[in-house]
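So the protein lines, in turn, are chains U and R.
With positions in the first sequence counted from 1, the corresponding number in my numbering is that position plus 19.
With positions in the second sequence counted from 1, the corresponding number in my numbering is that position plus 19.
A virtual CB, placed ideally from N, CA and C, is assigned to each residue, including glycine.
Notes to accompany the following structure.
Protein chains: 2
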Amino acid sequence: MKILIKNAKVLTMSGEPIERKEIGIENDRFTFVGNAPEGYEADIVIDGEGHIAMPGIVNAHTHSSMSLLRNYADDLPFWEWLTEKVWPVEEKMGPEEVYWGTMLSNAEMIRSGITAYADMYFYSAETAKASLEAGLRCSIAQGLIGSSDKDKEKLEATRQLYREWHMTGDGLITVMAGPHAPYTCDDAFLTKVIELCAELNLPIHTHLSESEKEVKDSLEKHGRSPIQHMNHLGLFKQHTLAAHCVHLRDEDFEILRENQVHVVHNPSSNLKLGNGISPVSRLLLSGVNVSIGTDGSCSNNNLNMFEEIHLAALLAKGSTRDPAVLPAYQALEMATKNGAAALNLGSETGKIQTGMKADVILVDLEQPHLYPHYQLDASLVYSAQASDVRTVIVNGKIVMEKGELKTIDLEKTYYEIKRITNKLSN
Amino acid sequence: MKILIKNAKVLTMSGEPIERKEIGIENDRFTFVGNAPEGYEADIVIDGEGHIAMPGIVNAHTHSSMSLLRNYADDLPFWEWLTEKVWPVEEKMGPEEVYWGTMLSNAEMIRSGITAYADMYFYSAETAKASLEAGLRCSIAQGLIGSSDKDKEKLEATRQLYREWHMTGDGLITVMAGPHAPYTCDDAFLTKVIELCAELNLPIHTHLSESEKEVKDSLEKHGRSPIQHMNHLGLFKQHTLAAHCVHLRDEDFEILRENQVHVVHNPSSNLKLGNGISPVSRLLLSGVNVSIGTDGSCSNNNLNMFEEIHLAALLAKGSTRDPAVLPAYQALEMATKNGAAALNLGSETGKIQTGMKADVILVDLEQPHLYPHYQLDASLVYSAQASDVRTVIVNGKIVMEKGELKTIDLEKTYYEIKRITNKLSN
Numbered sequence: 020m021k022i023l024i025k026n027a028k029v030l031t032m033s034g035e036p037i038e039r040k041e042i043g044i045e046n047d048r049f050t051f052v053g054n055a056p057e058g059y060e061a062d063i064v065i066d067g068e069g070h071i072a073m074p075g076i077v078n079a080h081t082h083s084s085m086s087l088l089r090n091y092a093d094d095l096p097f098w099e100w101l102t103e104k105v106w107p108v109e110e111k112m113g114p115e116e117v118y119w120g121t122m123l124s125n126a127e128m129i130r131s132g133i134t135a136y137a138d139m140y141f142y143s144a145e146t147a148k149a150s151l152e153a154g155l156r157c158s159i160a161q162g163l164i165g166s167s168d169k170d171k172e173k174l175e176a177t178r179q180l181y182r183e184w185h186m187t188g189d190g191l192i193t194v195m196a197g198p199h200a201p202y203t204c205d206d207a208f209l210t211k212v213i214e215l216c217a218e219l220n221l222p223i224h225t226h227l228s229e230s231e232k233e234v235k236d237s238l239e240k241h242g243r244s245p246i247q248h249m250n251h252l253g254l255f256k257q258h259t260l261a262a263h264c265v266h267l268r269d270e271d272f273e274i275l276r277e278n279q280v281h282v283v284h285n286p287s288s289n290l291k292l293g294n295g296i297s298p299v300s301r302l303l304l305s306g307v308n309v310s311i312g313t314d315g316s317c318s319n320n321n322l323n324m325f326e327e328i329h330l331a332a333l334l335a336k337g338s339t340r341d342p343a344v345l346p347a348y349q350a351l352e353m354a355t356k357n358g359a360a361a362l363n364l365g366s367e368t369g370k371i372q373t374g375m376k377a378d379v380i381l382v383d384l385e386q387p388h389l390y391p392h393y394q395l396d397a398s399l400v401y402s403a404q405a406s407d408v409r410t411v412i413v414n415g416k417i418v419m420e421k422g423e424l425k426t427i428d429l430e431k432t433y434y435e436i437k438r439i440t441n442k443l444s445n
Numbered sequence: 020m021k022i023l024i025k026n027a028k029v030l031t032m033s034g035e036p037i038e039r040k041e042i043g044i045e046n047d048r049f050t051f052v053g054n055a056p057e058g059y060e061a062d063i064v065i066d067g068e069g070h071i072a073m074p075g076i077v078n079a080h081t082h083s084s085m086s087l088l089r090n091y092a093d094d095l096p097f098w099e100w101l102t103e104k105v106w107p108v109e110e111k112m113g114p115e116e117v118y119w120g121t122m123l124s125n126a127e128m129i130r131s132g133i134t135a136y137a138d139m140y141f142y143s144a145e146t147a148k149a150s151l152e153a154g155l156r157c158s159i160a161q162g163l164i165g166s167s168d169k170d171k172e173k174l175e176a177t178r179q180l181y182r183e184w185h186m187t188g189d190g191l192i193t194v195m196a197g198p199h200a201p202y203t204c205d206d207a208f209l210t211k212v213i214e215l216c217a218e219l220n221l222p223i224h225t226h227l228s229e230s231e232k233e234v235k236d237s238l239e240k241h242g243r244s245p246i247q248h249m250n251h252l253g254l255f256k257q258h259t260l261a262a263h264c265v266h267l268r269d270e271d272f273e274i275l276r277e278n279q280v281h282v283v284h285n286p287s288s289n290l291k292l293g294n295g296i297s298p299v300s301r302l303l304l305s306g307v308n309v310s311i312g313t314d315g316s317c318s319n320n321n322l323n324m325f326e327e328i329h330l331a332a333l334l335a336k337g338s339t340r341d342p343a344v345l346p347a348y349q350a351l352e353m354a355t356k357n358g359a360a361a362l363n364l365g366s367e368t369g370k371i372q373t374g375m376k377a378d379v380i381l382v383d384l385e386q387p388h389l390y391p392h393y394q395l396d397a398s399l400v401y402s403a404q405a406s407d408v409r410t411v412i413v414n415g416k417i418v419m420e421k422g423e424l425k426t427i428d429l430e431k432t433y434y435e436i437k438r439i440t441n442k443l444s445n
């Protein structure tokens with residue numbers, strides 16, 4: 020299958036300015052970016068007039084099934100929210116719930132231009148199934164909480180997930196290990212997780228230094244910050260995707276840089292749960308790869324990466340009191356190629372470049388909030404909305420065309436969500 | 020003309036829960052909220068099934084014509100941005116530019132559910148004209164900068180604006196005086212502005228305590244904070260709408276409360292220009308009326324109040340480290356009735372209530388990012404997007420129906436914006 024996108028202004032994220040280019044796709048990869056070869060004939064021609072074509076957006080940290088808990092419990096103190104609201108509902112959730120929660124989130128993510136995401140939750144095989152059906156690129160990680168008596172079983176489940184799902188769906192699905200956080204996994208358990216990852220060459224998806232309390236407790240218990248402690252245990256010898264990293268100590272920056280830890284910034288969630296603002300401009304200046312994630316829609320409460328990109332740029336300026344930090348293009352890097360690198364897919368996606376996987380979206384510039392058309396990278400970061408995304412291609416397959424989802428039955432999904440949430444909330 | 024909205028879940032902002040109600044509109048006012056009288060016949064019946072009906076959103080501080088400078092200059096140090104980029108273009112702007120800049124912003128505002136806004140700029144009569152054509156409620160204020168030799172002329176222009184435009188268009192247009200800021204108006208000029216306002220009973224629209232530098236300079240020059248100094252001059256004897264109020268000293272809170280100053284929070288702009296975060300939860304706790312505004316789209320860069328509402332709630336939680344502050348319903352109050360009060364229209368709009376002006380919008384709940392339907396006030400604040408607004412009624416007149424603008428020719432507006440910005444940027 021050959022697709023030609025013509026007349027679009029193209030943001031390749033390879034450093035060139037945004038300008039009119041033609042994009043060729045054959046099967047799952049870009050075959051040219053620039054001018055189509057003479058006499059080129061495509062099976063499908065997409066007219067990108069009035070649109071920006073850009074790499075698909077990477078949501079580098081989420082819990083997609085938590086859509087089932089969206090707007091279920093808000094504006095509560097953190098521990099009340101978690102223990103009295105979230106956990107009791109999660110206890111009732113099985114594979115079916117995770118499947119449909121993921122499917123709802125997949126619809127939302129495709130509609131807002133996300134083509135790849137990193138997920139951590141439970142029943143992760145269901146997340147993989149739903150993502151394959153939706154045609155989304157997904158890195159799954161089964162959340163691991165270390166309790167000594169079930170250690171073996173949990174590690175075995177991750178091994179099985181890896182065997183059954185890694186690189187399935189023409190590489191759409193990849194697998195990571197998901198040790199939840201330093202405060203929910205003891206050292207002995209973490210050591211076993213690290214051993215497993217070394218054996219399978221498995222990347223790690225975890226939460227790190229999200230709250231002030233986490234850092235304080237770690238310093239009291241270990242005499243080390245969570246990041247120092249994870250380094251001490253050897254976690255960072257594996258490719259590590261570390262969500263949040265809000266509360267950092269001076270020594271943490273160098274550890275993150277030296278070990279090439281991939282930090283995921285979750286601006287909305289960090290604000291909404293009262294955790295604060297991650298020092299991302301300092302992280303970026305320190306040479307750390309920082310990407311962006313929505314976190315789950317129970318603490319956000321959406322999976323709208325355009326909102327997160329905008330917020331990432333604005334919070335960096337506001338918190339440093341410097342309007343020049345984190346300029347638009349850098350925010351777009353965070354949401355595309357940096358995110359791809361965090362998912363361990365930096366050589367495969369995150370740019371529009373010949374030979375890379377064809378993950379590309381079209382953003383409609385013919386909107387009042389996008390006029391006039393001056394600096395288009397600024398338009399994308401400061402003015403664009405998720406609803407401006409019209410067409411989404413993942414792995415060379417059109418999953419949304421002119422706003423219409425091609426792989427997800429939205430009415431059926433709404434029906435199942437209503438049925439499931441009626442059951443869960445009673 | 021009689022309009023009946025049926026089957027919608029209604030957020031009245033009068034304190035009742037969100038539930039199914041019928042809404043009657045006759046000419047410019049709500050005639051019932053609850054059940055239609057038996058045998059009631061309307062000229063137009065709007066089916067609100069699957070929608071929330073809520074009061075039109077009030078954008079309490081903007082410079083609508085600055086849409087012409089959207090994404091023209093970003094990520095620059097503040098003074099470079101203002102003096103080298105913004106001012107040179109503004110110098111080339113005349114009445115025609117202001118008219119079309121306003122029209123573009125009106126299209127954007129209607130599409131995102133804004134039914135009323137407070138504007139400060141120049142050639143304000145053009146803003147009034149465009150708003151009347153668009154059918155939007157607008158409070159205009161001609162920006163005043165105090166230079167002694169032209170004082171009389173400037174005050175005379177505001178007097179004329181008041182005579183010609185106040186309460187025109189069945190009350191859609193109201194007029195305020197617009198002394199720009201304490202640092203751009205000297206004391207003698209401000210005193211004359213205050214005298215004029217007292218004579219005409221004219222409310223004031225100004226900028227206050229936006230930057231750290233403004234407060235520092237005021238303390239050095241007057242030995243008083245900008246808010247103390249304005250109080251000292253007697254500004255607050257008039258109804259005052261004060262935009263920003265980011266950098267407040269302990270004594271400012273009581274002055275603002277005591278004088279019933281209406282503070283407008285501009286979260287995106289304050290972050291983007293590197294000014295920081297206004298302590299809005301403390302202002303609200305102090306008993307100050309706080310509303311929300313987008314500021315101009317040159318420092319935002321959009322007029323998307325759903326984004327500002329979301330951000331207002333999130334920033335309050337993040338900056339106080341308390342997820343329970345500024346709950347969803349309070350954020351909605353800020354964006355509706357508090358904004359109406361700031362525009363001196365608290366008895367006319369900001370709620371869906373019998374006898375009040377019929378400013379109402381319909382928000383489509385049938386969106387993946389709004390499922391499931393739990394707490395609908397949280398849905399509106401944390402999950403909804405501007406593009407979910409489908410129908411907008413201002414003063415009893417439908418200005419957008421199912422996403423289609425009824426009063427603005429979008430193609431013509433785009434054409435004029437292209438023509439004007441080509442001229443301005445060369």
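Inset, instruction - Check whether the Cβ of U:H82 lies closer than 8 Å to any Cβ atom in chain R. - result: Along the first sequence, read from residue 1 onward, the residue named residue 82 of chain U stands at position 63. Look at U:H82: its C-beta is not under 8 Å from any C-beta on chain R.
Legend entry - Classification of U:W106 by the beta-carbon crowding that lies within 10 angstroms, buried from 16 upward: By 1-based counting over the first sequence, the position of residue 106 of chain U is 87. It is exposed - the Cβ of U:W106 has fewer than 16 other Cβ atoms within 10 Å.
Inset, instruction - Tell me whether R:V344 sits in a helix, a strand or coil according to DSSP, three-state version. - result: The sequence position of residue 344 of chain R within the second sequence is 325, counting from 1. Reduced to three states, the DSSP call for R:V344 is coil.
Legend entry - Min CB distance R:Q93 to chain U below 8 Å: If you number the second sequence from 1, residue 93 of chain R lands on position 74. Gln is not the amino acid found at residue 93 of chain R; the sequence shown has Asp there. Chain U, which has a Cβ nearer than 8 Å to the Cβ of R:D93, makes this yes.
Legend entry - Candidates U:D407, U:K442 and U:V309: closest to U:G69 by CA position: Here residue 69 of chain U is taken as the residue at index 50 of the first sequence, counted from 1. Minimum Cα-Cα distance from U:G69 among the listed residues U:D407, U:K442 and U:V309 corresponds to U:D407.
Legend entry - For R:G374 and R:R48, believed in contact at Cβ under 8 Å, the rounded distance: Taking the first residue of the second sequence as position 1, residue 48 of chain R is located at position 29. Taking the first residue of the second sequence as position 1, residue 374 of chain R is located at position 355. So it is a contact: roughly 6 Å between Cβ atoms.
Legend entry - Interface flag, R:Q279 vs chain U, CB-CB below 8 Å: As a position in the second sequence, residue 279 of chain R is number 260, starting the count at 1. No, R:Q279 does not count as interfacial toward chain U.
Legend entry - Cβ-Cβ distance between U:G165 and U:I213 below 8 Å: Counted from its first residue, the first sequence places residue 165 of chain U at position 146. Counted from its first residue, the first sequence places residue 213 of chain U at position 194. No, Cβ-Cβ distance for U:G165 and U:I213 is not below 8 Å.
Inset, instruction - Give a yes or no on whether the minimum CB-CB distance between U:I440 and chain R is below 8 Å. - result: As a first step, residue 440 of chain U must be located in the first sequence, where it is residue number 421. With the sequence shown as reference, residue 440 of chain U is identified as Thr, and Ile is not the correct amino acid for it. For U:T440, the answer is yes, since a Cβ of chain R falls inside 8 Å of its Cβ.
Inset, instruction - Evaluate U:R438 with the Cβ neighbour count: other Cβ atoms within 10 Å of its Cβ, from every protein chain shown; 16 or more gives buried, anything less gives exposed. - result: Residue numbering aside, residue 438 of chain U sits at position 419 when the first sequence is read from its first letter. Classification of U:R438: exposed, given that the 10 Å Cβ count is below 16.
Legend entry - Residues from the segment 373-391 of chain R in contact with chain U, defined by Cβ distance under 9 Å: Of all residues in the segment 373-391 of chain R, only E385, Q386, P387, H388, L389, Y390 and P391 place a beta-carbon less than 9 Å from a beta-carbon of chain U.
Legend entry - Cα-Cα separation between U:P36 and U:S338, rounded to whole angstroms: Locating residue 36 of chain U in the first sequence gives position 17, where the first residue counts as 1. Locating residue 338 of chain U in the first sequence gives position 319, where the first residue counts as 1. Taking the straight line joining both Cα atoms gives about 29 Å.
Inset, instruction - Pick helix, strand or coil for R:D170, following the three-state DSSP scheme. - result: For this step, residue 170 of chain R is matched to residue 151 along the second sequence. In the structure shown, R:D170 sits in a helix (DSSP, three-state: H, G or I).
Legend entry - Cβ distance (whole Å) where R:N308 is taken to contact R:A360 below 8 Å: As a first step, residue 308 of chain R must be located in the second sequence, where it is residue number 289. As a first step, residue 360 of chain R must be located in the second sequence, where it is residue number 341. Their Cβ separation, rounded to whole angstroms, is 5 Å, which keeps R:N308 and R:A360 in contact under 8 Å.
Legend entry - Beta carbon of U:F255 nearer than 8 Å to that of U:V283: Your numbering for residue 255 of chain U matches position 236 in the first sequence. Your numbering for residue 283 of chain U matches position 264 in the first sequence. Taking 8 Å as the Cβ cut-off, U:F255 and U:V283 do not qualify as a contacting pair.
Inset, instruction - Please name the residues in the segment 289-306 of chain R whose beta-carbon is closer than 9 Å to at least one beta-carbon of chain U, in chain order. - result: Flagged, chain order: N289, L290, K291, L292, G293, N294, G295 and I296.
Legend entry - 8 Å Cβ shell around R:P286 - same chain, five flanking residues per side excluded: Looking up residue 286 of chain R in the second sequence gives position 267. Within the same chain, R:P286 has close Cβ partners I296, S297, I311, E327, L330, A331 and L334.
Inset, instruction - Express the C-alpha separation of U:H258 and U:T187 in angstroms, rounding to a whole number. - result: Working through the first sequence from its first residue, we reach residue 187 of chain U at position 168. Working through the first sequence from its first residue, we reach residue 258 of chain U at position 239. When rounded, the distance between both Cα atoms is 20 Å.
Inset, instruction - Find out if the Cβ-Cβ distance for the pair R:S3, R:K376 is shorter than 8 Å. - result: Any question about residue 3 of chain R goes unanswered here, given that chain R covers just 20 to 445.
Inset, instruction - Would you identify the three-state DSSP class for U:C216, choosing helix, strand or coil? - result: The residue you call residue 216 of chain U lines up with position 197 of the first sequence. Helix, per DSSP.
Legend entry - beta strand (DSSP E) segments (min. 3 residues) lying fully within the segment 64-143 of chain R: Runs of the beta strand (DSSP E) inside the segment 64-143 of chain R: 70-74, 76-81 and 133-140.
Legend entry - Min CB distance U:R268 to chain R below 8 Å: Taking the first residue of the first sequence as position 1, residue 268 of chain U is located at position 249. No, U:R268 does not count as interfacial toward chain R.
Legend entry - Beta-carbon gap between R:V418 and R:A153 smaller than 8 Å: Your numbering for residue 418 of chain R matches position 399 in the second sequence. Your numbering for residue 153 of chain R matches position 134 in the second sequence. A contact, by the Cβ cut-off of 8 Å.
Inset, instruction - Return yes when the Cβ of R:L399 is within less than 8 Å of the Cβ of R:I71, no when it is not. - result: Within the second sequence, residue 71 of chain R is the residue found at index 52, counting from 1. Within the second sequence, residue 399 of chain R is the residue found at index 380, counting from 1. Cβ atoms of R:I71 and R:L399: closer than 8 Å.
Legend entry - is_contact[U:G75, chain R] using C-beta, thresh 8 Å: As a position in the first sequence, residue 75 of chain U is number 56, starting the count at 1. Among the residues facing chain R, U:G75 is not included, as its CB has no counterpart in that chain under 8 Å away.
Legend entry - C-alpha gap between U:R243 and U:L275, whole angstroms: In the first sequence, residue 243 of chain U corresponds to position 224, counting from 1. In the first sequence, residue 275 of chain U corresponds to position 256, counting from 1. C-alpha separation (whole angstroms): 14 Å.
Legend entry - Distance between R:H185 and R:I192 (C-alpha atoms, nearest Å): Walking along the second sequence from the start, residue 192 of chain R turns up at place 173. Walking along the second sequence from the start, residue 185 of chain R turns up at place 166. Looking at the two C-alpha atoms, the distance is approximately 6 Å.
Inset, instruction - Over the uninterrupted beta strand (DSSP E) stretch that includes U:N308, give me the two end residues. - result: Here residue 308 of chain U corresponds to residue number 289 of the first sequence, with the count starting at 1. Per DSSP, U:N308 belongs to the beta strand (DSSP E) from N308 to I311.
Inset, instruction - Name, in chain order, the residues that DSSP records as bridge partners for R:A262. - result: Counted from its first residue, the second sequence places residue 262 of chain R at position 243. According to DSSP, R:A262 bridges with R:H226 and R:V283.
Inset, instruction - Identify whether U:P245 lies in helix, strand or coil by the three-state DSSP scheme. - result: For the purposes of this step, residue 245 of chain U is identified with residue 226 of the first sequence, where counting begins at 1. It is helical.
Inset, instruction - Would you mind sorting R:Y434 into buried or exposed? The rule is 16 or more other CB atoms within 10 Å of its CB. - result: Walking along the second sequence from the start, residue 434 of chain R turns up at place 415. Exposed: under 16 other Cβ atoms inside 10 Å.
Inset, instruction - Please classify R:D383: does DSSP put it in a helix, a strand, or coil? - result: By one-based count along the second sequence, residue 383 of chain R stands at place 364. Three-state DSSP puts R:D383 in a strand.
Inset, instruction - Name the residue from U:Q372, U:T426 and U:D66 whose alpha carbon lies nearest to the alpha carbon of U:L23. - result: Start at 1 with the first residue of the first sequence, and residue 23 of chain U comes out as number 4. Closest option to U:L23, judged by alpha-carbon separation, among U:Q372, U:T426 and U:D66: U:D66.
Legend entry - U:G53, DSSP secondary structure in three states: By 1-based counting over the first sequence, the position of residue 53 of chain U is 34. Residue state, collapsed to three classes: strand.
Legend entry - Short-range partners of chain U found in the segment 118-148 of chain R, where Cβ spacing is below 7 Å: So the close ones are L123, A126, E127 and R130.
Legend entry - Local Cβ density within 10 Å of U:I63, reported as buried at 16 or more and exposed below that: The residue labelled residue 63 of chain U in the question sits at position 44 within the first sequence. Burial call: exposed.
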